[in-house]
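In my numbering, each residue carries its 1-based index in the sequence shown increased by 192. The next block holds one structure in the form of structure tokens; read it before the comments.
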Amino acid sequence: QCVSFSLRLLAYTLSPVGVIALLLLAGVGLRVMRWHATSERPRLCDAVRRGILDLTPPGLVLIFCFVPSVSAFIFRAWSCKAYVVDVDLTTFVEYMRQDA
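Dropping the structure here:
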């Protein structure tokens, strides 16, 4: 494993945000292209706002799909496994399951 667990955790939890941001940027880009192609041009901020509003429902569906798996991954990060260190069975060392 070339990447540490904390970096994998960060990437896994932030990837849905990136996907949704790309989706919204695509919606804004499409609206701005339509705005640029029309002869009568309302304000640019209206085109940007409509682009965001056009793709908000698919963004919410993506959030609904990503939340369970991302939450499970985050909570699984704190799951530890205990190892016995001495013969008296009184001293334990715990490591995260993902790192062990």
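We treat Cβ as the ideally placed atom computed from N, Cα and C, and that holds for glycine.
Alpha carbons only, please: which of the options is nearest the one belonging to residue i?
{"i": "C257", "options": "S207, L201 and F197", "result": "S207"}
{"i": "R223", "options": "L281, A239 and I266", "result": "A239"}
{"i": "V253", "options": "L199, T205, A264 and V211", "result": "V211"}
{"i": "Y275", "options": "F284, P260, R233 and L214", "result": "F284"}
{"i": "K133", "options": "A229, S196 and E286", "result": "In this structure the chain extends from 193 to 292, so residue 133 is not present and cannot be described."}
{"i": "S196", "options": "D280, A269 and M225", "result": "A269"}
Identify the continuous alpha helix (DSSP H) that holds residue i and give its terminal residues.
{"i": "A274", "result": "Here A274 belongs to no alpha helix (DSSP H); instead the beta strand (DSSP E) covers C272 to V276."}
{"i": "P208", "result": "F197 to A229"}
{"i": "P246", "result": "Residue identity check: residue 246 is Asp in the sequence provided, not Pro. From DSSP, the alpha helix (DSSP H) with D246 extends over L236 to D246."}
Which term fits residue i, buried or exposed, when burial requires 16 or more other beta carbons within 10 angstroms of its beta carbon?
{"i": "L247", "result": "buried"}
{"i": "G219", "result": "buried"}
{"i": "G221", "result": "exposed"}
Since residue i and residue j are thought to touch, with beta carbons under 8 Å apart, how far apart are those beta carbons, to the nearest angstrom?
{"i": "G243", "j": "L215", "result": "Wrong, their Cβ atoms sit about 11 Å apart, outside the cutoff."}
{"i": "W227", "j": "L236", "result": "7 Å"}
Quiz item: Taking contact to mean at least 3 C-beta pairs separated by less than 8 Å, is the segment 198 to 205 in contact with the segment 255 to 270?
Solution: Of all C-beta pairs linking the segment 198 to 205 to the segment 255 to 270, three or more are shorter than 8 Å, placing the two stretches in contact.
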